[in-house]
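In mature numbering (1 follows the signal peptide of the UniProt record, and there is no 0), the protein residues as written are -21 to -1, 1 to 573. Even for Gly, the Cβ is constructed at its ideal location relative to N, Cα and C. Every value quoted in this text rests on a predicted model; they were computed, and no experiment measured them. Everything on this sheet refers to the single structure shown next.
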């Protein structure tokens, strides 16, 4: 739709909040010869990427480093300190490069790289490594993905066995950092850890039933019986001796020591140096120089605007009752809920195929990587969000749109169109897959994710569905608005809890009274925001920026505005901060005026 212009207040707020003031204009045009500063940027990029691969064996192995194939990340005191020292040196180098003679591409590269290095240094300073868990999950669940690797050769199995042998050390290192967090008062809030042990216990099973043992049940067809027998025996032994005891020890630690002694305050500001930490997170996740109070006030304005649109739908339906009563009907009427996990997954698949069909009309360039749909893994589903995108790990694998099939009575079908457009296409799958295919970009950008851009884009895509013919049913459109309200309310409750003294119940009440989210989703979401300060701010801030920039392009280009070209321009540089996106769109407008 062309009537997507935001309110003047919102536009003015976001226009004045750029975190970077460097301009691409004038001397930042493309130059025929590389300057000395451009060579400095290229060298720094290489050094920084080598630093990343050095301390991230999973990424190194994924990109062809055979020496990293059997390794897990080293979380030792010495290794993390060494990594931080290197990051500080790289950051100092980045800050020392003269930007004046850089062309646009080099300037974007340097700006994003400096932001990444700054965040790495900041997170070490704020002791983020003390918190390898959140309300949703933790390292113990993420590391289990090593069992989902490709197993085509003896070497693959041998490397996997090496990883299994390294698990006890890895768990011990993570538990050490959790213990340090207990001593320092740096833990998730205790209330968000209720039931956390249920994300650990599914891994404590007989070795033969462990997910870690599954690769030894399905060998490649070319394996001999002798090979199968050898690896079966080795796998069973390793899972029994390394995997199960590691999870049992972690379970005991969490239930007997950690959870009972976790901090009781929910606010990030209550952490050591907490006010500075939350201010840092606000700027990192918005990529703008906004204060917590500015974000809070913007959220309140957005909540009021969206609430009026929701009220209009209620009136159009001629519902005889107030807003709260309408929400009660949506949360309790069985007609709005799936009867089985299969029904929910099929509904997601149907919507996803409809979304696939809209893409050529709105995008000039599409990714080659397909995506599938599958349920959120059962062991993490109870405290997990309603859906999420999981990207492809290699060019012979698809991405996946995860749908949470736990507690079906809490998974309303009227939200599925918005969820699917956000997580699959044209949201996360489209954007992330296209970024990975931008082979002209340096790897540190192809494999990075800037939350304000990625989440802002996905939320914008929920709105884009309105133009593309989705939300024909008024309840589905209300679901779209409740999802938008959900993200607007995040601006209010995240800043409210972490900077303004709000209680958990106050945040839950605000979310529940303004959205049609089920109470289960309200609870899991609020706990997510408590344990992941600031991240929830990126969605609305990014979406408002993209909407504002589109409105500006439409206004200035008039009949020459091409929606496909606009979307391609937004996505063609991968994930970027909002200040850089603004300048990219300014250049898009100038080029099209010519």
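The count of Cβ pairs closer than 8 Å, one atom from the region 465 to 482 and one from the region 240 to 249, reaches three, so the stretches are in contact. The beta carbon of residue 389 is closer than 7 Å to those of 497, 499 and 500 in its chain, skipping five residues each way along the sequence. According to the DSSP assignment, residue 353 belongs to the beta strand (DSSP E) that extends over 350 to 354.
For residue 144, the closest C-alpha among the options 222, 91, 151 and 184 is that of 222. Note on residue 291: under 16 other CB atoms within 10 angstroms of its CB, so exposed under the neighbour-count rule.
The alpha-carbon of residue 330 is positioned some 42 Å away from that of residue 165.
Judged by pairs of C-beta atoms under 8 Å, the region 502 to 512 does not touch the region 404 to 418, as fewer than three such pairs exist.
In terms of Cβ geometry, residue 470 and residue 516 form a close pair [threshold 9 Å]. Straight across, the Cα-Cα distance linking residue 539 with residue 533 is about 8 Å. The count of Cβ pairs closer than 8 Å, one atom from the region 116 to 123 and one from the region 23 to 33, stays below three, leaving the stretches out of contact. Runs of the alpha helix (DSSP H) spanning 4 or more residues and lying entirely within the region 416 to 495 occur at 422 to 425, 430 to 446, 453 to 478 and 483 to 493, in chain order. An exposed status is given to residue 57, since fewer than 16 other beta-carbon atoms sit within 10 Å of its beta-carbon. For residue 333, same chain residues with a beta-carbon under 8 Å away, outside a window of 5 residues either side, are 449 in chain order.
Here the region 280 to 289 makes no contact with the region 418 to 438; the two share fewer than three CB pairs at distances below 8 Å. As for any alpha helix (DSSP H) of minimum length 4 sitting wholly inside the region 504 to 536, the runs are 517 to 536, ordered along the chain.
Here residue 245 carries a coil assignment [DSSP, helix/strand/coil].
Apart from the 5 residues on each side of it in sequence, residue 42 sits with its Cβ closer than 8 Å to the Cβ of 32 and 422 in its chain, given in chain order.
Taking 8 Å as the upper bound for CB-CB distance, residue 468 and residue 278 are in contact here, some 7 Å apart. With the rule of 3 Cβ pairs closer than 8 Å, the region 266 to 274 does not count as touching the region 453 to 464. DSSP places residue 112 within a strand segment (E or B) once states are collapsed to three. Membership of residue 284 in the alpha helix (DSSP H) is indicated by the continuous run 271 to 295.
With respect to the C-alpha of residue 322, the residue from 383, 194 and 302 having the closest C-alpha is 383. The three-state secondary structure of residue 92, taken from DSSP, is helix. Here the alpha carbon of residue 242 sits roughly 10 Å from the alpha carbon of residue 162. Distance from the CA atom of residue 404 to the CA atom of residue 301, rounded to whole angstroms, is 35 Å. With a threshold of 16 other beta carbon atoms within 10 Å, residue 94 meets it and is buried. In the structure shown, residue 369 falls within a strand segment according to DSSP collapsed to helix, strand and coil. In this structure, residue 427 and residue 378 do not form a Cβ contact; the two beta carbons are roughly 17 Å apart against a cut-off of 8 Å. Residue 326 and residue 318 have their alpha carbons spaced roughly 12 Å apart. In this structure residue 370 does not touch residue 554 by the C-beta definition: roughly 12 Å separates them, more than the 8 Å allowed. With contacts defined by Cβ atoms closer than 9 Å, residue 359 and residue 176 do not form a contacting pair.
Between residue 465 and residue 490, the C-beta gap is smaller than 9 Å, which places the two residues in contact. In this model, residue 230 and residue 220 are separated by some 16 Å (Cα to Cα).
When secondary structure is reduced to three states using DSSP, residue 382 falls in the strand class. Apart from the 5 residues on each side of it in sequence, residue 218 sits with its Cβ closer than 6 Å to the Cβ of 186, 189, 191 and 192 in its chain, given in chain order.
Where residue 31 is concerned, the enclosing alpha helix (DSSP H) starts and stops at 15 to 33.
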